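Working notes, beginning with the structure itself.
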Ligand SMILES: Nc1ncnc2c1ncn2[C@@H]1O[C@H](COP(=O)(O)OP(=O)(O)OP(=O)(O)O)[C@@H](O)[C@H]1O
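Numbering (the UniProt record's numbering), first residue to last: 1 to 492.
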């Protein structure tokens, strides 16, 4: 046995070699033909690398959840059956036989340190579950997919199921400040509630520093998509891994004021056609995010227009510059988990407080106004492809009135942000804005997916107030559409 290697024997008498490399944990076992045929269901090593009599899997260190040595040595990890599959959770375990116990303990400690980049998994987690979110499956998503992973990592869980709207807000405003993270098993609506709960806390500054980790169990799950990307954003196990391995990422929040009442918004304020979609399809939550596509098609038929006066405290409106900035941020940051969070000052790109800021007005009728943060608002729409978590601004997209056929054509590539470059999509970065709907203006105003009265409101950016857990020091989804419809290679 080398220092990087440990051999254990499972309860069927098979020898399993655990080997640490720089980037992965290699697990190999000799198998007979009968077990190779059984390999797909419940086997501890389900993925054959070759047809030889040795099974080998390479588990990226990031996917190693726990390595323990008590009576037996056990390794818990996440792996995919194929690159397109979502993650599954496995555990291999075996005894050491006559061999040196101390060496095994040391090996497990080294493996855990490698798996967690020298940190330890979070200890104390508050978990809030909305059993009514999305398709109403948040409870089983948590117990079947998330809890086993958090338990394996040794987390202590304090779980509450919400029983009524605003329950999450009530829980969070009295939340003890010693939790390592707040795990929210739901959709974006509950994230909105917990952030507003933090703002009502007796120590709001400290409360806002408790990192939030979303577990996708709602219908839109925009925040989870933005943190984990399109492949993993709707996978609760990938989100559970983020609870364990993610690092705090500061995000800007928004102060939304209407009729002298201030609320925290974190994702979007929407007026016009796009807001109608949310309301019209409220009863179709069971459809998941397909409801938004259906709602869009319905609204294209009626084509409602939106009349309001917008005053925008402008920071940037050059689409090319904004796209360059988001790509530069990505290129600068390592995609590996950094050992320590990035320093705050290196992340700010815009300077919203500079004296050169100007207010501009926009009052032409339009199809919708969508203001917010985070590329995805749902899986089918990358509304803010150049958004950054902590650039101190809010992105505002205004869709000018266009014919129905052009709107339908715009659906193609909407999930990759193609519409960003359309000339009829006016796009601004702002440090604040105000909206004044025309008298008799009909339609809906949605804030983070919740309905608000169609009345005057004001939004101010609250730079870096919120904290999330994230695998990356930037939003995961990459904007690959270049100007004139060119598709850029990822990472270019
Ligand atoms: N037990 C409950 N019964 C009824 N409503 C609840 C309960 N718990 C929370 N809610 C409300 O459910 C609303 C929707 O929650 P959530 O965001 O989790 O799901 P969603 O709307 O389906 O997902 P998304 O916001 O991603 O589209 C929230 O506004 C919250 O107040």
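Where is the CB? At the ideal position from N, CA and C, for every residue including glycine.
None of the values given here were measured: they were computed from a predicted structure.
Take the alpha-carbon of residue 361 and the one of residue 135: they are about 41 angstroms apart. Between the segment 125-134 and the segment 154-164, the count of C-beta pairs closer than 8 angstroms reaches three or more; the two stretches touch. Boundaries of the alpha helix (DSSP H) around residue 167: 167-173. Residue 166 has its Cβ nearer than 7 angstroms to a heavy atom of ligand 1. Leaving aside the five residues that flank residue 434 on each side, the residues in its chain whose CB is nearer than 6 angstroms to its CB run, in chain order, 311, 458. At least one heavy atom of ligand 1 is found less than 7 angstroms from the C-beta of residue 450. Contact between the segment 164-172 and the segment 110-118 is absent, with fewer than three C-beta pairs closer than 8 angstroms. Residue 396 and residue 314 have their C-alpha atoms roughly 10 angstroms apart.
CA-CA distance, residue 20 to residue 154, rounds to 22 angstroms. Not one heavy atom of ligand 1 lies closer than 7 angstroms to the C-beta of residue 327. Proximity to residue 320 across 484, 377, 61 peaks at 484, based on C-alpha coordinates. Look at residue 255 here: in three-state DSSP terms it is strand.
Between the segment 450-468 and the segment 249-268, the count of Cβ pairs shorter than 8 angstroms is three or higher; the stretches touch.
At a Cβ-Cβ threshold of 8 angstroms, residue 191 and residue 211 do not count as neighbours.
Counting C-beta pairs with one atom in each stretch, the segment 84-100 and the segment 177-187 have fewer than three that are closer than 8 angstroms, which means they do not touch. Distance from residue 243 to residue 122 at the Cβ level is roughly 7 angstroms; contact confirmed, criterion being Cβ atoms closer than 8 angstroms. With a cutoff of 7 angstroms, residue 249 does not count as near ligand 1, since its C-beta is closer than that to no heavy atom of the ligand. Minimum Cα-Cα distance from residue 421 among the listed residues 398, 404, 439, 430 corresponds to 398. Relative to ligand 1, even the nearest heavy atom lies 7 angstroms or more away from the CB of residue 381. Taking a 10 Å sphere around the C-beta of residue 193, we find 16 or more other C-beta atoms and assign the residue as buried.
For the pair residue 487 and residue 481, the CB atoms are nearer than the 8 angstroms cut-off.
Note on geometry: alpha-carbon atoms of residue 124 and residue 176 lie some 11 angstroms from one another. Residue 230 carries a helical assignment under DSSP once its states are collapsed to helix, strand and coil.
Per DSSP, residue 359 is one residue of the beta strand (DSSP E) stretching across 358-362. For residue 254, the closest alpha carbon among the candidates 232, 391, 168, 281 is that of 391. Under the DSSP assignment, residue 149 falls in the alpha helix (DSSP H) whose first and last residues are 147-152.
In the three-state reduction of the DSSP assignment, residue 297 falls in the helix class. Of the candidates 378, 234, 370, 234 places its Cα closest to the Cα of residue 87. With a cutoff of 8 angstroms on beta-carbon distance, residue 17 and residue 5 are scored as near each other.
Beta-bridge partners of residue 27 (DSSP): 18, 57. Around the beta carbon of residue 120, fewer than 16 other beta carbons lie within 10 angstroms, which makes this residue exposed. Contact between residue 219 and residue 291 holds, with the beta-carbon distance rounding to 6 angstroms and staying under 8 angstroms.
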